[in-house]
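Quick notes on the structure that follows.
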Amino acid sequence: MLDEYGFLRGSELDEPALPALYHFVYCSRAADGVDDAEVGRIVESAQRHNLARGITGVLVFGSGVFFQWIEGPAAQIQKLIASLHGDSRHYDIVSLSQSEEERERLYPNWDMEKVEAEDIRLVLQDALESAEDNNNVAALTRILKQLDAGPLNSLGRS
Ligand SMILES: Cc1cc2nc3c(=O)[nH]c(=O)nc-3n(C[C@H](O)[C@H](O)[C@H](O)COP(=O)(O)O)c2cc1C
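End of the sequence shown = 379 in our numbering, gap-free, step of one.
What follows is the structure, given as structure tokens:
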């Protein structure tokens with residue numbers, strides 16, 4: 222609101238601008254031998270690293286498939302993306318979305334939270350329907366096939 226001199230009132234000037242926030246969403250397949258215990262270790266160390274780097278997000282694991290949302294400062298997220306691509310505990314990484322926007326965090330209180338996998342199939346099916354890149358279509362198709370193959374695959378077999 223403007224005051225009688227045509228200037229912005231103090232309270233509005235004091236309002237902090239929303240931070241530029243980078244987000245990266247992907248899915249991938251767990252490597253052989255990656256079980257719930259290993260995922261527990263991934264989440265534990267991710268929480269420690271992410272807290273120090275201003276990163277928050279969620280990790281879904283089910284039927285041998287990962288789905289992760291990470292958000293934070295662009296430079297930190299880019300470094301984590303590079304680490305994720307070099308991490309042999311998963312493969313067939315499909316980037317579903319990434320961009321920088323000025324907005325609030327979706328998960329301000331979660332350094333990295335593991336969530337249950339019930340909704341993962343719907344999310345990936347949606348991604349497949351809107352995928353344009355042929356490699357992404359092929360990888361998403363393999364991932365959905367793995368999800369549909371049933372609970373034995375939660376042991377991490379491909
Ligand atoms: C599915 C999955 C999710 C991961 N999520 C994170 C994460 O949120 N934060 C993190 O620091 N490391 C995460 N990691 C581990 C990183 O890939 C990497 O091992 C870690 O950042 C250490 O990397 P550095 O040795 O390059 O520093 C994840 C690994 C996997 C397989």
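Note that CB positions come from ideal geometry on N, CA and C, so glycine has one too.
Along the length of the region 297–342, whole beta strand (DSSP E) runs at least 3 residues long occupy 311–323 and 334–336, reported in chain order. Annotation for E292: the continuous beta strand (DSSP E) segment containing it runs V286 to G293. Counting other Cβ atoms within 10 Å of its Cβ, K335 reaches 16 or more and is therefore classed as buried. DSSP places L368 inside the alpha helix (DSSP H), whose first and last residues are N355 to D369.
Under DSSP, no beta-bridge partner is assigned to S351.
Those residues that bring their Cβ nearer than 7 Å to a heavy atom of ligand 1 are S249, I263, S266, A267, H270, N271, I276, G278, L280, F287, Q289, I291, L301, S304, L305, G307, D308, R310, H311 and M333. Take the alpha-carbon of R342 and the one of P240: they are about 32 Å apart.
Assigned with DSSP and collapsed to three states, L345 falls in helix.
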